[in-house]
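Colleague:
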Amino acid sequence: MPQITVDYSDTMENAFDREGFARALHEATVEIAAAKPEACKTQFRPSAYTVFGYEDPGAREHAIVHVTIGLLAGRADETKERLAEAALELLREHVADAAFTLHASAEIRDLDPSYRKFDR
2 MPQITVDYSD
12 TMENAFDREG
22 FARALHEATV
32 EIAAAKPEAC
42 KTQFRPSAYT
52 VFGYEDPGAR
62 EHAIVHVTIG
72 LLAGRADETK
82 ERLAEAALEL
92 LREHVADAAF
102 TLHASAEIRD
112 LDPSYRKFDR
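In terms of the numbering used here, the sequence shown opens at residue 2 and continues consecutively.
(1) Please classify Pro47: does DSSP put it in a helix, a strand, or coil?
(2) Leaving out five residues before and five after Ala40 in sequence, what residues of the same chain have Cβ atoms less than 6 Å from its Cβ?
(3) Would you say Tyr61 and Ala34 are within 8 Å of each other, going by their C-beta atoms?
(4) Provide the residue span of the alpha helix (DSSP H) that contains Gly21, from first to last.
(5) Rounded to whole angstroms, what is the Cα-Cα separation between Asp113 and His95?
(6) On the three-state DSSP scale, how would you describe Ala88?
(7) Could you pull out every residue in the same chain whose Cβ sits closer than 7 Å to the Cβ of Asp18, ignoring the five residues on either side in sequence?
(8) Per DSSP, what kind of secondary structure is Arg61 in: helix, strand or coil?
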């Protein structure tokens with residue numbers, strides 16, 4: 002805990018500082034949600050094919066990124082909202098201005114009570 006997943010359009014691969022984003026998001030998660038630094042884990046999943054709305058093939062390209070953060074239950078809604086806003090702000094800082102329109106979103110959710118883990 003926390004389990005962080007970042008799904009993003011692979012067309013933004015070269016414009017997205019994933020390592021810097023993950024480190025900054027881990028710091029924000031520790032500060033805002035009282036997570037332990039060593040518990041923060043981020044997984045990036047590039048998507049080779051994304052579609053936005055009624056995208057015109059001749060129009061400016063669109064890129065999509067969605068951050069999901071799973072936390073152990075018990076955080077207040079205000080804490081989750083603050084963390085979601087922090088994630089979006091960090092995306093603004095870690096995605097370079099490029100030749101695409103960026104559509105970013107973030108969701109903070111409770112992990113299911115069945116959540117278990119092990120470290121080896």
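Even for Gly, the Cβ is constructed at its ideal location relative to N, Cα and C.
Modeller: Taking the geometry as given:
(1) The three-state reading of DSSP puts Pro47 in strand, counting E and B together.
(2) So the qualifying residues of the chain are Met2.
(3) At residue 61 the sequence reads Arg, which differs from the Tyr that was named. Going by C-beta atoms, Arg61 is not nearer than 8 Å to Ala34.
(4) Per DSSP, the unbroken alpha helix (DSSP H) holding Gly21 starts and ends at 19 to 34.
(5) Asp113 and His95: Cα-Cα distance of roughly 30 Å.
(6) The answer is helix: DSSP assigns Ala88 an H, G or I state.
(7) Cβ contact annotation for Asp18 (same chain, cutoff 7 Å, sequence separation greater than five): His95, in chain order.
(8) In the structure shown, Arg61 sits in coil (DSSP, three-state: anything other than H, G, I, E or B).
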